[in-house]
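**Student:** Quick note, the sequences are listed as chains A and B, same order. Each residue of the first sequence is one higher than the one before, starting from 0 at the first, in numbering that gives the first Met the number 0. Each residue of the second sequence is one higher than the one before, starting from 0 at the first, in numbering that gives the first Met the number 0.
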Amino acid sequence: MLSIETLNIHYGDAHVVRNLTLHIAKGEILALVGPTGCGKSSALRAIAGLLEPSKGEIRIDGQATTNDNFVPPEKRSAGMVFQDFALFPHLNVEENVGFRVSESSQVDLWLSNLGLKAFREAMPETLSGGQKQRVALARSLAHQPKLLLLDEPLSNLDAALKIDLRLQIRHAIKKAGVTAIWVTHDQNEAMAISDRVAVMREGRIVQVDTPEKCYEAPNSRFVAKFFGDGSFLKGIASETGTETAIGLHPFVHTNGAFPPSANSVSQVEVLIRPHDVDLIEETPGNATVQTQAYEGETRHYRVQLDSGETLEARLSHEHRIQPETRVRAVVKSRHPLVAFQLQKNQPST
Amino acid sequence: MQRYSFAKRWRLHVPIATIVLLALSPIVVLIALATQEPLEFGSRNWRILGNTVGLTALTVLGAVAIGAPLAFATTCLKLRRAGLVLAMLVFPLAVPSYIGAFAYFAATGPGGEIEILFGIAPPEVRGLFGTAWVMTLYTFPFVVLSVRASLLRLDAGLVESGRTLGLTPLGTLLHVIFPRIRGGISSGALLVALYTLSDFATPAILGFDTFTRAIYVEYNAFGLSRAAWLSLQLLLLVLVVLTFESRAKTVRENPGRTLRWNPIPTTKICIYISTTLVWISSVGLPFVLFFVWIKREGVRSFEPSILLHSVVPAALAAFCAVIVALPLAQAASYGGRTENWMLHLTSFGFGIPGIVMGTALVYVGLHLPWMYQTTAMLVLGYVLRFLPLATGSLREGLNRLENSLSAAARSLGASPFETFRRVKLPLIMPAALSGAALIFLEAMRELPLTLLLRPTGMETLTTRLWQVYEAGYFGDAAIPGLLLILTSFMAMLLFIRTERLLRLAPEAET
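#1: DSSP three-state call for residue 174(B): helix, strand or coil?
#2: Are residue 438(B) and residue 320(B) touching if we call contact CB-CB under 7 Å?
#3: Taking beta-carbon pairs under 8 Å, can you tell me which members of the segment 422 to 443 of chain B lie near chain A?
#4: Taking residue 77(A) as the query, report the chain B residues whose CB atoms sit under 8 Å from its CB, ordered along the chain.
#5: Determine which residues share a DSSP beta bridge with residue 250(A) and list them.
#6: In chain A, which residues lie with their C-beta within 7 Å of the C-beta of residue 548(B)?
#7: Determine which residues of the segment 91 to 118 of chain A have a Cβ less than 8 Å from any Cβ of chain B, and write them out in chain order.
#8: Out of 389(B), 141(B), 423(B), 493(B), point me to the one whose CA is closest to residue 431(B)'s CA.
#9: When burial is assigned at 16 or more other CB atoms within 10 Å of the CB, is residue 45(B) buried or exposed?
#10: Would you decide whether residue 380(B) is buried or exposed? Buried here means 16 or more other CB atoms lie within 10 Å of its CB.
#11: Can you list the residues of chain A that residue 401(B) reaches, using a CB-CB cut of under 7 Å?
#12: Going along the chain, which unbroken runs of the alpha helix (DSSP H) with 4 or more residues stay wholly within the segment 270 to 309 of chain B?
#13: For residue 15(A), which of 21(A), 7(A), 22(A) has the nearest alpha-carbon?
#14: Using DSSP with H/G/I as helix, E/B as strand and the rest coil, what is residue 203(A)?
#15: Taking 6 Å as the cut-off, is the beta-carbon of residue 157(B) closer than that to any non-hydrogen atom of the ligand HEM?
#16: State the beta-bridge partners of residue 7(A) as determined by DSSP.
#17: Assign residue 176(A) to one of two classes, buried (16 or more other C-beta atoms within 10 Å of its C-beta) or exposed (fewer than that).
#18: Using a 10 Å radius around the Cβ and a threshold of 16 neighbouring Cβ atoms, would you call residue 256(A) buried or exposed?
#19: What residues from chain A crowd round residue 155(B), counting only those whose CB sits closer than 7 Å?
#20: What residues in the segment 22 to 50 of chain A have a beta carbon less than 8 Å from any beta carbon of chain B?
#21: For the structure I just gave you, are there three or more beta carbon pairs, one from the segment 193 to 209 of chain A and one from the segment 26 to 42 of chain A, closer than 8 Å?
#22: For residue 316(A), decide whether its Cβ has a neighbour in chain B, counting only Cβ atoms nearer than 7 Å.
#23: Would you decide whether residue 39(A) is buried or exposed? Buried here means 16 or more other CB atoms lie within 10 Å of its CB.
#24: Where does residue 477(B) land, buried or exposed, given buried means 16+ other C-beta within 10 angstroms?
#25: Going by beta carbon distance, what residues of the same chain come within less than 8 Å of residue 205(A), once the five residues before and after it are set aside?
#26: Do you know offhand how far residue 311(A)'s Cα is from residue 147(B)'s?
#27: Can you pull the chain B neighbours of residue 73(A), defined as C-beta to C-beta under 7 Å?
#28: Work out the CA separation of residue 220(B) and residue 103(B) for me, nearest whole Å.
#29: Under 8 Å Cβ-Cβ, which residues of chain B neighbour residue 9(A)?
#30: Flag residue 255(A) as yes if its beta-carbon sits less than 7 Å from any beta-carbon of chain B, otherwise no.
#31: Can you check which of these residues, 78(B), 128(B), 243(B), is closest to residue 184(B) by C-alpha distance?
#32: Residues of chain C with a CB under 7 Å from the CB of residue 142(A): which are they?
#33: Threshold first: 4 residues or longer. Then list the alpha helix (DSSP H) segments lying entirely within the segment 423 to 492 of chain B, N to C.
#34: Indicate the three-state DSSP secondary structure (helix, strand or coil) for residue 12(B) in the structure shown.
#35: So which of 277(A), 101(A), 318(A) has the shortest CA-CA distance to residue 295(A)?
#36: How far does the beta strand (DSSP E) with residue 71(B) in it extend, from its first residue to its last?
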């Protein structure tokens, strides 16, 4: 449905998107995620035709656009939902949604699908942020785009509203059956709304996978850290598993030239998420509790292993282990841990 | 700021460059015209330069001396009827200075209106000091407004922390308040200087030889080349002032609480008395004079066609200027360096004094007989002179539009033209209308440009006033004068509203 080949974008001297290649199937929702300034919004604007890329081809439903053959935004059938909603302030909700729609049934359909029937006559400035974004979405969908582009649609909204609204938006997109790219810097939002996640860093896509894969099997330390807390422990990987300061565990590898062949070992770093860890009050144990913080449902601990490494753990809130207590840290999860081959000269953190 | 690829920039550049060239063409014309004869800079020229600089300096001093303390008093002191005091202080802006000059010319001196009414002849208001006095009376409100604006931005917390650190009230005034409002004083002063340099009728009526008056004299004596040479010299002075102005950056501060002090009774009485005196000398005098004349001579002499002659070209100019300003403002809102630079160039047009613009266009007109002394020529003059008012107003309107609005319209399938028609245009309409209204009112009260460019025999409100001054039938000036005050009053309201200068502090009305 959408394919992007070696897209490059420059702002003056800054090369903000580098050789981006991406293929999206019809009806799929792809989250384009990455830290601020990674180029994800620029890529989205280029797909919309609001920004002229310096190189590359964007093909929307068979219609190709390149620098030599630039298709203006209005000919791309790519609807866009903006961070600041971009509702036309001089038009009421119904007029906004029906901006260029010939069949009023589409307007009615999306007003009712998104619970906006009561606000038909309302002017945008009288609406709350959540309502505005629903109007903006209804407007895009009523125009029946082939592709829907969402540029940080929830970032101007209250945290309490976000979770509810993101599900509503996903539901509406699926109902319309439209292919969508959803740009966000919030990894939880990305995982919750998407079929696949594309992670960007410094203008490049570093991983495209299902949300589960991105979280459980990140292909780099960057992706691993981006999707959640975690500690990296040094280990020696062999055919039997990986040996770290807190024991021997099965592992999966996601990068580099390993697993080691028989009779060879390899230095690795193992990603351990806080909820993979259990702490047992025990002397002598293998670690000392440094800090503990109450988080409501859970408690977060930071412990120092006798190897000198630091490990984070998230346990039930029921038990409280005081700092300075000796504990034994173990991996409680059954699933294999992700191991990264230790690069030479790579600082271990 | 995002730049949109679909705004093929060269397509904007061509019309804009044309407009910019047009706006700057008067200068080229003047240079061509002036160099037709050998450029001389004789003793008379020196005297004119001295007079102009002297008048400007005295007026600036006077305006700051009156404006700054009164701005402080109305903004930072707890006064009863502070709103009224402020309105009285701003009201002189509603009286074109040439009306003031005319009133002083008719009222003072032997045989003047005051002698007729009261039997005592006050000294003639003429020459350097007389002209400076009149100019000061009608320009000091610029200082009041700009100082007031910077005082409103000053957070009372600063003054209070100064006091807790051991400063006396006078000490805070000198060391805390003054440094913060220096920018306000200087921007007001520059505005006064610009106004004084450009004003033609005030020195002309009061018989003081400044550049503007000398240019008119040369023009009347068919010395167009001399007039152009003097015009260029005047432009240079204007350029100096504009350079200072572009450097004076007002610091944007987060608004805090406004400072409020309780004045001692003596101070209060001084404020009320000085405000009243200033008001009587600037606003009261012309009003009284005009009503005395109407009572004595009636209104028969006023022909309504004069009003029509003022309204029609002004309305045409307002309409055309807004149309011309649209692509300019549009281009500037894309934020490119070239576009901004071009806009700066056109805004220089507003700095070109009316008499200078008139001289240049008269010369152009002499080469285009089908244009010379037509309403079209007059309208062209108004458009060139007041274009920056329209671009400024539209630009502000466009800046308030979020970029995403046109992007949204485009992504919904609207072409650039449809986006403009259905999204941008309705949203900038209020800005366009207020820009047009401002130009209309400014053109209505413009004297020198009208005097030079109007079709022969066409009398407008301003030219009638001039005619009356030259002929000495003062009574006939009453109705045009009052209508011009009304026009200026509306222009002032609009100006103040757009600039949001009169924001009253919360307790100011009490």
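Cβ atoms here follow ideal geometry from the backbone N, Cα and C, with glycine treated the same way.
**Tutor:** In brief:
#1: helix
#2: yes
#3: 422, 425, 426
#4: 410
#5: 336(A)
#6: Residue 548(B) is absent from the structure shown; chain B starts at 0 and stops at 509.
#7: 98, 99
#8: 389(B)
#9: exposed
#10: buried
#11: 83, 85
#12: 284 to 296
#13: 7(A)
#14: strand
#15: Judged by which ligands are present, the structure shown has none, so any question about the ligand HEM falls away.
#16: 54(A)
#17: exposed
#18: Residue placement at residue 256(A) cannot be trusted, given a pLDDT of 44 that sits under 50; what the coordinates show is reported in the next sentence. Burial call: exposed.
#19: None at all; the shortest Cβ gap to chain A is about 32 Å.
#20: 44, 47, 48, 49, 50
#21: yes
#22: no
#23: buried
#24: buried
#25: 198, 199, 218, 219, 221, 222
#26: 58 Å
#27: 409, 412, 413, 414
#28: 27 Å
#29: None at all; the shortest Cβ gap to chain B is about 12 Å.
#30: Its pLDDT being 48, under 50, residue 255(A) is placed unreliably in this model, and the value from its coordinates should be taken loosely. No, its Cβ sits nowhere closer than 7 Å to a Cβ of chain B.
#31: 243(B)
#32: In the structure shown, chain C cannot be found, because the protein chains are A and B.
#33: 424 to 444, 447 to 452, 460 to 470
#34: helix
#35: 318(A)
#36: That residue, residue 71(B), is in no beta strand (DSSP E); its alpha helix (DSSP H) goes 42 to 75.
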